[in-house]
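Peer 1: Numbering that gives the first Met the number 0 numbers the first residue of the sequence shown as 0 and each following residue consecutively. Built from N, CA and C at the ideal position, the CB exists for glycine as well.
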Amino acid sequence: MGKRFTERDRHKLEFALKAKMPVKEISKQLGFSKVAIYAEIKKGTVKQLGRGLKEQYVYLADAGQRMHDERKKHCGAKKKYLPDAPLLQEITSLILNCRYSPEAAILKLRTAAVCTKTIYNYVHAGYLPGVDENKLPYCVRKKKQKKKIGKRKYISNHKSIEERPKEILQRNTYGHWEMDTVYSSKDDLSCLLVLSERMSRNEIVIQIPDRTCGSVIKGLNRLERKLGAPTFRDQFRTITCDNGMEFADSNAIEKSCLNKGKRTTLYYCHPYSSAERGTNENQNKLIRRWIPKGDDIGLYSPEEIKMIESWMNDYPRKMFGGLSANEFKRLYAKGIVKMHKKTVVKAVDLTPFSCADLLIFA
0 MGKRFTERDR HKLEFALKAK MPVKEISKQL GFSKVAIYAE IKKGTVKQLG RGLKEQYVYL
60 ADAGQRMHDE RKKHCGAKKK YLPDAPLLQE ITSLILNCRY SPEAAILKLR TAAVCTKTIY
120 NYVHAGYLPG VDENKLPYCV RKKKQKKKIG KRKYISNHKS IEERPKEILQ RNTYGHWEMD
180 TVYSSKDDLS CLLVLSERMS RNEIVIQIPD RTCGSVIKGL NRLERKLGAP TFRDQFRTIT
240 CDNGMEFADS NAIEKSCLNK GKRTTLYYCH PYSSAERGTN ENQNKLIRRW IPKGDDIGLY
300 SPEEIKMIES WMNDYPRKMF GGLSANEFKR LYAKGIVKMH KKTVVKAVDL TPFSCADLLI
360 FA
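Now the structure itself:
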């Protein structure tokens, strides 16, 4: 991009024209081509009354600057939608009332008329009433200085994640879960036991009274009694958790409460390696949209916890082409879709396809 006229350059041009300096000499002094000089003269030339009330055309720097500022307002890409457009109203409602991100709102509406970047631009420009950057779930916040922490003891005599079968990393089979607890503050004992299925992103949220190993085992026992021992064993092939003391008793967690056999296999991540449970950590962010840090989880009723769980399982996912975890799980059970290298594909020819194609099978 070439050099552009500034307000200072325009005043120099006005002074030079009043001194009747040739355009060729003005071009050398200001560093612009003669074409640019003539274009600027044309833009800033106005009609005035001179001696004897005769009309004359003169160049004024103020007029040229005013014309430049006026044209600057109308440059750039035009807005695709007005702030009161029906589509923007639906997106605003999903962001404010349903705690959706802009991308999830577009996937929910199943429309390609507007992209995610456009919605973020509208938010920054203030075109969505009631929605600002702080209302977005993933707004950029100032990073806090990390505290120095000591070494955390690794729970010995238990299966490490290094012993877990490598095919689990591919996320091609259902039944491999990640487990964690979500709590609000150190003073609040009540917490949530969350289990996230690695392939389908299906979520199970269980409210427990405290972060002890006994409460975790009781929560899993309730889930096993609800599903039945054979179903639980089939759906929960492996569980991966961190080294928290609430998961220390691996034998009790693996042992079935309905018979003498094992109900699952438990693996432990490396200390301070939350990325090894990435699905679990991302799912916990969705819970935080409804239960911010500092809230007393014990004050939430079982119905409210169930609502949060249902909302998460109905949340549209970009990785599934806009399908939710429930929709993907249902189509996967019918053999219509499957995962291939973390991409939703047809079960027939492993060719990636869109959400519109999936709707034909639903």
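1. Distance, Cα to Cα, Lys225 vs Gly277?
2. If you pair each beta-carbon of the region 77-88 with each one of the region 117-131, do three or more pairs fall below 8 Å?
3. Excluding the 5 residues flanking Ser353 on each side, which residues of the same chain have their C-beta closer than 8 Å to its C-beta?
4. Output needed for Asn171: all residues of its chain with C-beta closer than 6 Å, excluding positions within five of it in sequence on either side, in chain order.
5. Report yes or no: do the region 157-176 and the region 287-299 share at least 3 C-beta pairs separated by less than 8 Å?
6. On the premise that Ile335 lies in contact with Tyr182, defined as a C-beta separation below 8 Å, what is that separation, rounded to the nearest angstrom?
7. Relative to the C-alpha of Ser199, which candidate in Pro229, Cys190 and Ile167 has its C-alpha closest?
8. Ile205: which of Glu302, Glu253 and Arg236 sits nearest, CA to CA?
9. Please look up how many angstroms separate the CB atoms of Met311 and Glu202, rounded, as I've assumed it's under 8 Å.
10. Name the DSSP beta bridge partners of Gln206, please?
11. Suppose the cutoff is 7 Å on Cβ atoms and the five residues either side in sequence are ignored; what does the same chain contact list for Leu29 look like?
12. Which residue comes first and which comes last in the beta strand (DSSP E) that contains Thr44?
13. Kindly indicate which residue of Glu253, Glu275, Thr264 and Ala62 has the alpha-carbon position closest to the one of Asp241.
14. Are there 16 or more other CB atoms within 10 angstroms of the CB of Asp186, so buried, or fewer, so exposed?
15. Roughly how many angstroms separate the alpha carbons of Tyr314 and Glu6, rounded to a whole number?
16. Under 7 Å, do Val45 and Ala60 count as touching if we go by C-beta distance?
17. CA-CA distance, Thr264 and Arg236?
18. What's the call for Pro101, buried or exposed, on a 16-neighbour Cβ count within 10 Å?
19. Note the first and the last residue of the continuous beta strand (DSSP E) segment covering Ile238.
20. Just to confirm the assignment: which complete alpha helix (DSSP H) runs, minimum length 4, are found wholly within the region 252-313?
Peer 2: Quick look at the numbers:
1. Here the question's residue 225 lines up with position 226 in the sequence shown. Here the question's residue 277 lines up with position 278 in the sequence shown. In a straight line, the C-alpha of Lys225 is about 27 Å away from that of Gly277.
2. yes
3. Residue 353 sits at position 354 when you count from the first residue of the sequence shown. In this predicted model, Ser353 has a pLDDT of only 44, less than 50, meaning its place in the structure is not dependable; the value taken from the coordinates is given anyway. So the qualifying residues of the chain are Gly320.
4. Here the question's residue 171 lines up with position 172 in the sequence shown. Excluding positions up to five away in sequence, the list reads Met338.
5. no
6. The residue given as residue 182 occupies position 183 in the sequence shown. The residue given as residue 335 occupies position 336 in the sequence shown. Not really, about 39 Å apart at Cβ, beyond 8 Å.
7. Numbered from its first residue, the sequence shown carries residue 199 at position 200. Looking at the Cα atoms, Ile167 is the closest of the given residues.
8. Numbered from its first residue, the sequence shown carries residue 205 at position 206. Per the Cα distances, Glu302.
9. Here residue 311 is taken as the residue at index 312 of the sequence shown, counted from 1. Here residue 202 is taken as the residue at index 203 of the sequence shown, counted from 1. Contact flag correct, Cβ pair sits at about 5 Å.
10. Along the sequence shown, one-based indexing puts residue 206 at 207. Paired residues: Leu191.
11. Reading the sequence shown from its first residue, position 30 is the one you call residue 29. Around Leu29: Asp8, Lys11 and Leu12.
12. Working through the sequence shown from its first residue, we reach residue 44 at position 45. First-last of the beta strand (DSSP E) with Thr44: Thr44 to Leu48.
13. As a first step, residue 241 must be located in the sequence shown, where it is residue number 242. That would be Glu275, whose Cα lies nearest to the Cα of Asp241.
14. Translated into positions along the sequence shown, residue 186 becomes position 187. That one is exposed.
15. Translated into positions along the sequence shown, residue 314 becomes position 315. Translated into positions along the sequence shown, residue 6 becomes position 7. Straight-line Cα distance between these residues: approximately 53 Å.
16. For the purposes of this step, residue 45 is identified with residue 46 of the sequence shown, where counting begins at 1. For the purposes of this step, residue 60 is identified with residue 61 of the sequence shown, where counting begins at 1. Result no, Cβ atoms of Val45 and Ala60 do not sit closer than 7 Å.
17. As a first step, residue 264 is located in the sequence shown; it is residue number 265 there, counting from the start. As a first step, residue 236 is located in the sequence shown; it is residue number 237 there, counting from the start. If you take the alpha carbons of Thr264 and Arg236, they lie about 6 Å apart.
18. Taking the first residue of the sequence shown as position 1, residue 101 is located at position 102. Buried, by the Cβ-count rule.
19. Taking the sequence shown and counting its residues from 1, one reaches residue 238 at position 239. Here the beta strand (DSSP E) through Ile238 covers Thr237 to Cys240.
20. 277-287 and 301-312
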